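Line order of the protein sequences matches chains W and A.
Each residue of the first sequence is one higher than the one before, starting from 1 at the first, in the numbering used here.
Each residue of the second sequence is one higher than the one before, starting from 1 at the first, in the numbering used here.
Glycine included, C-beta positions come from ideal geometry on N, C-alpha and C.
Since this is a predicted model, take the numbers as computed values, not measurements.
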Amino acid sequence: MKESKVVKNILISLAVLFIVIMLIVPLVTVLAYALRHGFSVFWGAISDPYAIKALKLTLLATATSLAVNTVFGIFASWAITKFRFKGRQFLTTLIDIPFAISPVIAGLVFIYVFGRIGWAYPFLQEHGLRVVFAVPGIILATIFVTFPFISRELIPLMQAQGTDEEEAAALMGAGGFRIYRKITLPHIKWGLLYGVILCTARAMGEFGAVSVVSGHLRGKTNTLPLHIEILFNEFHLTAAFSVSSILVVLAVIILILRNVVEYRVKKGDL
Amino acid sequence: MYVELKNINKNFGNFRASDNVTFSIEQGKLIGLLGPSGSGKTTILRMIAGLENPDSGDIIIDGVRVNDIPASKRGIGFVFQNYALFRYMTVFDNIAFGLEVQKKDKAYIKERVGELIKLIGLEGLDKRRPHQLSGGQKQRVAFARALAPNPHLLLLDEPFAAIDAKVRKELRTWLRETISKVGITSIFVTHDQDEAVEVADEIIITNKGRVEQKGSPAEIYKNPQTPFAAKFIGESLMIEDYGRLKGFSLDKEYPKAVIRPDFVSVTKPGNEVYPNSSATGTVEDIFFRGNLYELRLRVNGVKLTAYRSLEDEELRAGDEVSVLIYRLYLYNDNSVKLAENDVFRNVNEVFI
Numbered sequence: 001m002k003e004s005k006v007v008k009n010i011l012i013s014l015a016v017l018f019i020v021i022m023l024i025v026p027l028v029t030v031l032a033y034a035l036r037h038g039f040s041v042f043w044g045a046i047s048d049p050y051a052i053k054a055l056k057l058t059l060l061a062t063a064t065s066l067a068v069n070t071v072f073g074i075f076a077s078w079a080i081t082k083f084r085f086k087g088r089q090f091l092t093t094l095i096d097i098p099f100a101i102s103p104v105i106a107g108l109v110f111i112y113v114f115g116r117i118g119w120a121y122p123f124l125q126e127h128g129l130r131v132v133f134a135v136p137g138i139i140l141a142t143i144f145v146t147f148p149f150i151s152r153e154l155i156p157l158m159q160a161q162g163t164d165e166e167e168a169a170a171l172m173g174a175g176g177f178r179i180y181r182k183i184t185l186p187h188i189k190w191g192l193l194y195g196v197i198l199c200t201a202r203a204m205g206e207f208g209a210v211s212v213v214s215g216h217l218r219g220k221t222n223t224l225p226l227h228i229e230i231l232f233n234e235f236h237l238t239a240a241f242s243v244s245s246i247l248v249v250l251a252v253i254i255l256i257l258r259n260v261v262e263y264r265v266k267k268g269d270l
Numbered sequence: 001m002y003v004e005l006k007n008i009n010k011n012f013g014n015f016r017a018s019d020n021v022t023f024s025i026e027q028g029k030l031i032g033l034l035g036p037s038g039s040g041k042t043t044i045l046r047m048i049a050g051l052e053n054p055d056s057g058d059i060i061i062d063g064v065r066v067n068d069i070p071a072s073k074r075g076i077g078f079v080f081q082n083y084a085l086f087r088y089m090t091v092f093d094n095i096a097f098g099l100e101v102q103k104k105d106k107a108y109i110k111e112r113v114g115e116l117i118k119l120i121g122l123e124g125l126d127k128r129r130p131h132q133l134s135g136g137q138k139q140r141v142a143f144a145r146a147l148a149p150n151p152h153l154l155l156l157d158e159p160f161a162a163i164d165a166k167v168r169k170e171l172r173t174w175l176r177e178t179i180s181k182v183g184i185t186s187i188f189v190t191h192d193q194d195e196a197v198e199v200a201d202e203i204i205i206t207n208k209g210r211v212e213q214k215g216s217p218a219e220i221y222k223n224p225q226t227p228f229a230a231k232f233i234g235e236s237l238m239i240e241d242y243g244r245l246k247g248f249s250l251d252k253e254y255p256k257a258v259i260r261p262d263f264v265s266v267t268k269p270g271n272e273v274y275p276n277s278s279a280t281g282t283v284e285d286i287f288f289r290g291n292l293y294e295l296r297l298r299v300n301g302v303k304l305t306a307y308r309s310l311e312d313e314e315l316r317a318g319d320e321v322s323v324l325i326y327r328l329y330l331y332n333d334n335s336v337k338l339a340e341n342d343v344f345r346n347v348n349e350v351f352i
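So this is what it looks like as structure tokens:
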């Protein structure tokens, strides 16, 4: 057993080392850099009106895509796991597309659909709508990129649960909504929450697709990550890191929330 | 007839799950659908319940064709193979579910659930969640849940499959007694013939989507009507050149035979009851089976299996013994025939 102890220690230290180099050091650097010129500079950067606008836009895009993807995720996972139909496998694959293709391409797709050269442009013009280089475009791009998160969390869970319990309930005459509320939801709620958390984190950090459709209009179509990039490109390094720290703190809050939830579940409910 | 299936066909893609299934069941009977896995028994059960729809044919329950009646309106209780208890509900809520769906009043639900918990002997466990119950307890809860809304017909899919061997025996007796106490017509699916024989009033043997035979356990044992039934029931052994066994001659129409250990009597040489019909064989192996010995014999080049009581004189591998074979089931592709040893032959010969 001595050998396995050595192996165990080596594996643990490798994992810790890797996490420190790849995750902890960069995060600490962000905070250290942000506070390098003192707190007032840091505060100045994050209370800048453009930064606040960017934060608001980021939160709006995140909240909208979360709502849309939660609803879609529940429907899609329900359809895929509880019914057998032609093209079921294909649908599952389709849902994964945003994972597979580069966000930049996603952004370009929106330009080609809704932009000046896009086929939907005349229609949008007629109704006085702007999608590309405007807020709707940013929200669409965020939705696209975070599309699979929630359904991907739910599908395996609902598959594992199988259809037996639902079938049993349906056999006793329970309607769809009662079955969902009493049987499916209690089973998937933590998975759903986890999916929501992942989706939030991804939506807040989305850069590629949003960058393409945004047009970088300060105070209008800049999200936090884009704002950070602009600051960085203009050599406002401290400001860039200060604004970054907002995202880092939000991410840490999300992770803590997640752990609290997980702990509660293990202790109380089951 | 209470439940009738007429010419039911069902395909899953290219797989023929039900091939012209026709049978009927009397009210109050406990029926076992017995067959190997993939023989279509569960499909039959699910079609009766309304969980699957037959491609063609009629299902009639209590005189009404139920094909177009949804599962929830058929008045059927269903016990799933892995119970499908609602894992986020207590035992009480599980059993009460069907009654709540029917919007019965609270006082009635409480009374009815209490009654059922008493019936299944789980008093005091009504606040437990399914994961806090043993396999046997889960099964009882699933049973009570299915009975709660007073169904006319109870269907059980492999009710004992997920329970360990020891509890299973107990539970079989319990289920049989409880069903007869409640007096509900019931159909259960099993692949275990011991289970079917012990629990069911009548057995329906299925194979490759067809019904092979229906009858009481004793009938099925004594008079298998199809080659499959003969091979499937009992500890059956297939032998080809049965003409080499003493007391039997090869029937050209029936190239093969089925023999069960209980058809073989083994005695020490010199103790035979029918010395002229007994052959000499060798014991190749002996297995202790707890309440008896199982012997592997070779008689004139044919391998046989036989049982021997622990009370009889002990045998060893290599011993010479005297072997008498009472009967065989001869079969070809389409039919079975009972063949008695020549000694008894003048008494009867049964063609089926």
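Distance between GLY219(W) and PHE72(W) (C-alpha atoms, nearest Å)
Within the first sequence, residue 72(W) is the residue found at index 72, counting from 1. Within the first sequence, residue 219(W) is the residue found at index 219, counting from 1. Taking the straight line from one Cα to the other gives about 31 Å.
Just checking: is the beta-carbon of PHE83(W) within a distance shorter than 8 Å of some beta-carbon in chain A?
Within the first sequence, the letter at position 83 stands for residue 83(W). No - not a single Cβ of chain A is within 8 Å of the one on PHE83(W).
Return no unless some Cβ of chain W is closer than 8 Å to the Cβ of ASN355(A).
The structure shown does not extend to residue 355(A), since chain A is modelled only from 1 to 352, so the question has no answer here.
Cβ contact (3+ pairs, closer than 8 Å) linking the region 222-238 of chain W and the region 35-53 of chain W:
yes
Please confirm if the region 132-142 of chain W is in contact with the region 51-68 of chain A, defined as three or more CB-CB distances below 8 Å between the two stretches.
no
How would you call TYR108(A), buried or exposed, if buried means at least 16 neighbouring beta carbons within 10 angstroms?
Position 108 of the second sequence, counted from the first residue, corresponds to residue 108(A). With fewer than 16 Cβ atoms within 10 Å of its Cβ, TYR108(A) is classed as exposed.
Which residues in chain A sit within 8 Å of ILE183(W), going by Cβ to Cβ distance?
Counting from 1 along the first sequence, the entry for residue 183(W) is found at position 183. The contacting residues are PHE86 and TYR88.
Jot down the residue ranges of each uninterrupted beta strand (DSSP E) in the region 83-128 of chain A, minimum 3 residues, whole runs only, in chain order.
Counting only runs of 3 or more, we get nothing.
Could you list which residues in chain A have their beta carbon closer than 7 Å to that of PRO186(W), in chain order?
The sequence position of residue 186(W) within the first sequence is 186, counting from 1. Within chain A, the residues near PRO186(W) are TYR88.
Please confirm whether LEU193(W) has its beta-carbon closer than 8 Å to some beta-carbon of chain A.
Numbered from 1 along the first sequence, position 193 holds the residue referred to as residue 193(W). No, no contact with chain A.
Cα-Cα separation between GLU123(A) and ILE117(A), rounded to whole angstroms
Locating residue 123(A) in the second sequence gives position 123, counting from the first residue. Locating residue 117(A) in the second sequence gives position 117, counting from the first residue. Whole-angstrom Cα-Cα distance: 6 Å.
Own chain partners of ILE80(W) with C-beta closer than 7 Å, once the 5 adjacent residues on each side are dropped
Translated into positions along the first sequence, residue 80(W) becomes position 80. Result list for ILE80(W): ARG88, LEU91, THR92 and ILE155, in chain order.
Please decide whether ALA158(W) counts as near chain A, where near means a Cβ-Cβ distance under 8 Å.
The residue labelled residue 158(W) in the question sits at position 158 within the first sequence. The identity of residue 158(W) in the sequence shown is Met, whereas the question assumes Ala. Judged by the 8 Å Cβ criterion, MET158(W) is not in contact with chain A.
Looking at C-alpha atoms only, which residue of PHE288(A), LEU324(A), ASN291(A) and SER309(A) is the closest neighbour of ARG298(A)?
Residue mapping note: residue 298(A) aligns to position 298 of the second sequence, counting from 1. In terms of Cα proximity to ARG298(A), the closest of PHE288(A), LEU324(A), ASN291(A) and SER309(A) is LEU324(A).
Does chain W have any CB closer than 8 Å to the CB of PRO54(A)?
In the second sequence, the residue the question calls residue 54(A) occupies position 54. PRO54(A) does not count as touching chain W.
Buried or exposed: which applies to PRO269(A), given that a residue is buried once 16 or more other Cβ atoms fall within 10 Å of its Cβ?
By 1-based counting over the second sequence, the position of residue 269(A) is 269. Classification for PRO269(A): exposed.
Output, in sequence order along the chain, the residues in the region 24-42 of chain W whose CB is closer than 7 Å to any CB in chain A.
none
According to DSSP, is PHE188(A) helix, strand or coil?
The residue labelled residue 188(A) in the question sits at position 188 within the second sequence. Strand.
Span separating the alpha-carbon of GLY115(W) from that of THR142(W):
Looking up residue 115(W) in the first sequence gives position 115. Looking up residue 142(W) in the first sequence gives position 142. Cα-Cα distance, rounded: 17 Å.
Between ALA317(A) and chain W, is there a C-beta pair that is closer than 8 Å?
Working through the second sequence from its first residue, we reach residue 317(A) at position 317. The beta-carbon of ALA317(A) is placed no less than 8 Å from the nearest beta-carbon of chain W.
Taking the DSSP output, what are the residues bridged to GLU340(A)?
Looking up residue 340(A) in the second sequence gives position 340. According to DSSP, which records beta bridges pairwise, GLU340(A) is partnered with ARG327(A).
Please look up how many angstroms separate the CB atoms of VAL3(A) and LEU153(A), rounded, as I've assumed it's under 8 Å.
As a first step, residue 3(A) is located in the second sequence; it is residue number 3 there, counting from the start. As a first step, residue 153(A) is located in the second sequence; it is residue number 153 there, counting from the start. VAL3(A) to LEU153(A), Cβ: 7 Å. Contact.
Under 7 Å between beta-carbons, which chain W residues line up against SER72(A)? List them in chain order, please.
To locate residue 72(A), count along the second sequence from 1; it is residue 72. Against chain W, the beta carbon of SER72(A) has neighbours under 7 Å at ALA170, LEU171, MET172 and GLY173, listed in chain order.
Unbroken stretches of the beta strand (DSSP E), 3 residues or longer, contained in the region 231-272 of chain A:
The region 231-272 of chain A contains these whole beta strand (DSSP E) runs: 237-239, 256-259 and 264-267.
Who are the near neighbours of ALA76(W) in its chain, counting only those whose CB is closer than 7 Å to its CB and skipping five residues on each side?
For the purposes of this step, residue 76(W) is taken as the residue at position 76 of the first sequence. The answer, listed in chain order, is ILE95 and SER151.
Need the endpoints of the alpha helix (DSSP H) that ASN259(W) sits in, please.
Position 259 of the first sequence holds residue 259(W). Per DSSP, the continuous alpha helix (DSSP H) segment holding ASN259(W) begins and ends at 237-264.
Counting contacts by CB-CB distance shorter than 8 Å, is ARG258(W) in contact with chain A?
As a position in the first sequence, residue 258(W) is number 258, starting the count at 1. Chain A, which has no Cβ nearer than 8 Å to the Cβ of ARG258(W), makes this no.
Residue-level contact to chain A via CB, GLU167(W), 8 Å cutoff:
Walking along the first sequence from the start, residue 167(W) turns up at place 167. Output row for GLU167(W): interface = yes.
Segment contact flag, the region 188-204 of chain A with the region 33-40 of chain A, C-beta cutoff 8 Å, min 3 pairs:
yes
Check whether the region 268-286 of chain A touches the region 319-334 of chain A, counting contact only when three or more Cβ pairs, one atom from each stretch, lie closer than 8 Å.
Yes: at least three Cβ pairs fall under 8 Å.
Should ARG168(A) go down as buried or exposed, given a rule of 16 or more other Cβ atoms within 10 Å for buried?
Residue numbering aside, residue 168(A) sits at position 168 when the second sequence is read from its first letter. So ARG168(A) ends up on the buried side.
Using the three-state DSSP reduction, which class does ALA17(A) fall into: helix, strand or coil?
On the second sequence, residue 17(A) is found 17 positions in, with the first residue counted as 1. Strand at ALA17(A).
Cα-Cα separation between VAL68(W) and ALA201(W), rounded to whole angstroms
Taking the first residue of the first sequence as 1, we reach residue 68(W) at position 68. Taking the first residue of the first sequence as 1, we reach residue 201(W) at position 201. When rounded, the distance between both Cα atoms is 15 Å.
Under three-state DSSP, which class holds TYR293(A)?
Residue 293(A) sits at position 293 when you count from the first residue of the second sequence. In the structure shown, TYR293(A) sits in a strand (DSSP, three-state: E or B).
Beta carbon of ILE204(A) nearer than 8 Å to that of TYR221(A)
Working through the second sequence from its first residue, we reach residue 204(A) at position 204. Working through the second sequence from its first residue, we reach residue 221(A) at position 221. Not a contact, by the Cβ cut-off of 8 Å.
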